[in-house]
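Structure first, commentary second.
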Amino acid sequence: MLQKVDFATPKTLLTYEELQAYDPESESWQKQFARRYTHHSQLDGVLNHIENVNETVYSKFAIAVTPYMAKLMDRDDPNCPIRLQYLPTFHEETKPGFATMLDQLGEEGDTVPGTSIVHRYPRRVLFLVSNTCATLCRFCTRKRMVSQPKGSVHKDEIERSIDYIANNKNIEDVLLSGGDPLTFTDERLDEILGAIRTRAPHVRFLRMGSRMVVQLPTRVTPELCAVLEKHRVQMVNIHINHHKEITPLLRSRVKMLQKAGIMLGLQTVCLKGVNDSVEVMRELFMQTIEMGVRPYYVYSTDMVEGAHHFIVPHRRMLELYEGLRGWISGPAVPTFIVDGLGGLGKLPIIPSYVREEALADGSGTTVKCRNYKGMTVEMPGLGQDFSLPTTSN
Ligand code: SF4
């Protein structure tokens, strides 16, 4: 039986005591979705020390927290790394000393008119299919559409987007994102993915970004996995920012996706107060790789309105990277990224371990190498070109 989201289900919010006894596997993901807390006052008592933020916060970005996520939050610690990600604070009401933008990545400029396709790179497209998420992150880069919809992504817009992919034979990589594509029913996902696979056989890599796997793990069901497997979705990128988000339930649903042959990757946003510590990052990435999920990107926080207090300075991001490379398993070390303003694209943040320098006598160059412990060695051979002669004479 295919599922339909029952948004009409009467909202019954769980009290603290009910939440303690609550088993997220006891009801459908749709019912849990309908039980989300959507105002800070609703969480008062469920959690202590709730900030009474100004209502203007809601005009910029709504609040939504699933019971599952609320249960993971520390009741008494306002600095709990999960609370910080989802509960608004007075910081959102303050103005930073620089301009913040709602479309700082310039996605609207690269959107194909009449569609929800962002076509920035030659052979791949971002297909924004939904503008809803299970739980809303205060630092969201797409605040302009997630929770502040100009109207949800319309069915016709999705159809035109699929037309665009079908008609552009050079597109070989399609990333479904949003919002969260998994807020759709299995039935709707089946239609969209099926249309891409049938009408665009030139698409070689079909992937999806979803934080719902983490925020509402029961969304991952055998029925969903069957749909993803049927349409050969090769990769799902999940989004975790702190190892407290990794639970036995999440692990079991990740395993379910893996059994359906889906590769899993991790993306993380570098957030002040949440994970800007070497110890937290090491633990997060090692727990992730233990699950068989490959850490892919750590993004710097985008300069979106109401998120400036999360920004970790570039120099600190370099230090964090240096605290990983060499210190934990190589495959557990993700690439650190800044998304360039105005649509410049993803740019790696990489400390300099290998540097080419001119020799003092002007005869050429040498290469100076530094390892993760700070030991250095000079490799003059790497500064030379040992090209072989083109003839034997
Ligand atoms: S899950 Fe992603 S798209 Fe949704 S609110 Fe969080 S950051 Fe934004």
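Numbering-wise (the working numbering), the sequence shown opens with residue -9 and increments by one. Heads up, the beta-carbon is just placed ideally off N, CA and C, and yes, glycines get one too. Computed from a predicted structure; not experimentally measured.
{"Item": "Mind checking who Met253 pairs with in its DSSP beta bridge?", "Value": "Met225"}
{"Item": "Measure the C-alpha to C-alpha separation of Tyr362 and Leu37 and round it to an integer number of angstroms.", "Value": "42 angstroms"}
{"Item": "Give the straight-line distance between the Cα atoms of Thr173 and Thr84, rounded to the nearest whole angstrom.", "Value": "32 angstroms"}
{"Item": "Grab the span of the alpha helix (DSSP H) containing Arg178 for me, first residue to last.", "Value": "Asp176 to Arg189"}
{"Item": "Just the C-alpha distance for Gly371 and Pro338, rounded to the nearest angstrom, thanks.", "Value": "27 angstroms"}
{"Item": "State the CB to CB distance for the pair Pro285 and Phe275, rounded to an integer number of angstroms; the pair is presumed to be in contact (CB under 8 angstroms).", "Value": "5 angstroms"}
{"Item": "Contact defined as beta carbons within less than 8 angstroms: I believe Lys159 pairs with His109. What is the distance between those atoms, to the nearest angstrom?", "Value": "Not really, about 14 angstroms apart at Cβ, beyond 8 angstroms."}
{"Item": "What is the residue span of the beta strand (DSSP E) that Val217 lies within?", "Value": "Looking at the DSSP string, Val217 is not in any beta strand (DSSP E); the run it does join, the alpha helix (DSSP H), is Pro212 to Lys220."}
{"Item": "In this structure, does DSSP put Gly199 in helix, strand or coil?", "Value": "strand"}
{"Item": "I'd like the list of long-range same chain contacts for Gly263, defined as Cβ closer than 7 angstroms, with 5 residues on each side in sequence excluded.", "Value": "Asn69 and Leu74"}
{"Item": "For Leu126, is the beta carbon positioned less than 6 angstroms from some heavy atom of the ligand SF4?", "Value": "yes"}
{"Item": "In whole angstroms, what separates the C-alpha of Asn157 from that of Val115?", "Value": "13 angstroms"}
{"Item": "Taking only heavy atoms of the ligand SF4 into account, decide whether any of them is closer than 6 angstroms to the Cβ of Val136.", "Value": "yes"}
{"Item": "Going residue by residue through the segment 289 to 368, where are the continuous beta strand (DSSP E) segments of at least 3 residues, counting only ones entirely within it?", "Value": "325 to 330, 335 to 338, 344 to 348, 355 to 360 and 366 to 368"}
{"Item": "Does DSSP put Thr208 in a helix, a strand or coil?", "Value": "helix"}
{"Item": "Give me the Cα-Cα distance between Glu347 and Glu312, rounded to the nearest whole angstrom.", "Value": "22 angstroms"}
{"Item": "How would you label Asn265, buried or exposed, when you count the other beta carbons within 10 angstroms and need 16 or more for buried?", "Value": "buried"}
{"Item": "If we ignore side chains and look at the alpha-carbon of each, how far apart do Asp146 and Ile107 end up?", "Value": "13 angstroms"}
{"Item": "Which complete beta strand (DSSP E) runs does the segment 68 to 132 hold, if anything under 3 residues is left out?", "Value": "107 to 111 and 114 to 118"}
{"Item": "Using only alpha-carbon positions, find the residue among Thr356, Leu308 and Glu273 that is nearest to Arg319.", "Value": "According to the sequence displayed, residue 319 carries Ser and not Arg. Nearest C-alpha to Ser319: Glu273."}
{"Item": "Helix, strand or coil for Tyr48 per DSSP?", "Value": "helix"}
{"Item": "Got a sec, what are the start and stop residues for the beta strand (DSSP E) Ser137 sits in?", "Value": "That residue, Ser137, is in no beta strand (DSSP E); it is neither H nor E in DSSP."}
{"Item": "Kindly indicate the opening and closing residues of the alpha helix (DSSP H) around Asp163.", "Value": "Run containing Asp163: none in the alpha helix (DSSP H); it sits in the beta strand (DSSP E), Asp163 to Ser167."}
{"Item": "Mind reading off the beta-carbon distance from Gly333 to Leu92? Whole number of angstroms is fine, and I expect it under 8 angstroms.", "Value": "Not confirmed; about 14 angstroms, so no contact."}
{"Item": "Taking 6 angstroms as the line, does the beta carbon of Arg201 fall inside it for any heavy atom of the ligand SF4?", "Value": "yes"}
{"Item": "Look at the alpha carbon of Gln32 and the alpha carbon of Ala11, and state the distance between them as a whole number of angstroms.", "Value": "18 angstroms"}
{"Item": "Taking the straight line between their C-alpha atoms, what separation do you get for Val226 and Val270?", "Value": "23 angstroms"}
{"Item": "Confirm the yes/no value for this check: CB of Cys260, any heavy atom of the ligand SF4, distance under 6 angstroms.", "Value": "no"}
{"Item": "Should Leu378 go down as buried or exposed, given a rule of 16 or more other Cβ atoms within 10 Å for buried?", "Value": "exposed"}
{"Item": "Ordered along the chain, which non-local residues of its own chain (more than five positions away) have a Cβ less than 8 angstroms from that of Glu2?", "Value": "In the sequence under discussion, the amino acid at residue 2 is Thr, which differs from the Glu named in the question. Arg25."}
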